[in-house]
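Undergrad:
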Amino acid sequence: MATIGSVFAFYKSSKQAYFLLACFFGTFMLGSYYWTLHFLLFKYTPQVFYVSDLAWVASTMFLLTLQFNLSTAEERKFKHPAAWLVPLFCLPQLFLYLSHGDILFNLVICGLTMVLAWFSTLGLIYARRQSSQERQMQFFHSGVLLIIFLQYCLWTSSCFWVSDTFTNPYFWFDFLLTVSLFALLPLTKKAVGS
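In the numbering used here, the protein residues as written are 2 to 195.
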């Protein structure tokens, strides 16, 4: 649905931001679709899931490109010490994931999400200091930070809980992540308007 909404927004406005958002949603959906289809057909999660990994890495790169595309030159030059909280949060998570999964994929995906969170943190602080229409970017950056936080919660819960009941926090984080992904389209519309 979010992919279709992004494609429709791109068709209506021809703005590159909607194209990048559609690519983000599309590749994220394809990775999840492969994973789910494999589980439904074979009754177990794929042991080698490079198709999903590549799709999820591509989706993160599209989101990073979208973020860069929406930011101004002044925003990209902006520095603030609060951005150092990002590696403080992400690096311990990375070491946890390295002990539970594929080393290369975890290095790449955690590195990309760390860069994305770094620029979102700086962008959020920069946008909050603006009084003009650029202040609308704070919602986009907040949405991206929420998505990254929920992804880390999802990944962390998969390291410690193995069950297929609703007591597993993985299901709840997955549900919240899905809702936050749907919210990214209206947040991007606000940012494109700025």
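Here a beta-carbon is modelled for each residue, glycine too, at the ideal position from N, C-alpha and C.
1) What residue does the alpha helix (DSSP H) around P93 start on, and which one ends it?
2) Count the other CB atoms within 10 Å of the CB of E76; is the residue buried (16 or more) or exposed (fewer)?
3) Report yes if the C-beta distance between H101 and C154 is below 8 Å; otherwise report no.
4) Counting Cβ pairs, one atom from each stretch, are 3 or more of them under 8 Å apart for the stretch 125-144 and the stretch 74-90?
5) Which of the three DSSP states, helix, strand or coil, is assigned to F20?
6) According to DSSP, is N169 helix, strand or coil?
7) Let me check understanding here. Comparing Cα to Cα, which of M138, D54 and I149 lies closest to L71?
8) Return the chain-ordered list of same chain residues with a C-beta closer than 7 Å to the C-beta of F63, the five sequence neighbours on each side being excluded.
TA: Reading from the atomic positions:
1) In the sequence shown, residue 93 corresponds to position 92, counting from 1. Start and end: L86 to L99.
2) Within the sequence shown, the letter at position 75 stands for residue 76. For E76, the number of other beta carbons within 10 angstroms of its own is at least 16, and it is reported as buried.
3) Position 100 of the sequence shown, counted from the start, is the residue given in the question as residue 101. Position 153 of the sequence shown, counted from the start, is the residue given in the question as residue 154. Between H101 and C154, the gap from beta carbon to beta carbon reaches 8 Å or more.
4) With the cut-off at 8 Å, the stretch 125-144 and the stretch 74-90 touch.
5) Numbered from 1 along the sequence shown, position 19 holds the residue referred to as residue 20. Here DSSP, grouped into helix, strand and coil, assigns F20 to helix.
6) In the sequence shown, residue 169 corresponds to position 168, counting from 1. If DSSP states are grouped into helix, strand and coil, N169 belongs with coil.
7) Counted from its first residue, the sequence shown places residue 71 at position 70. Measuring from the Cα of L71, the nearest candidate turns out to be M138.
8) Position 62 of the sequence shown holds residue 63. Cβ neighbours of F63 beyond the five flanking positions: L21, C24, F25 and T28.
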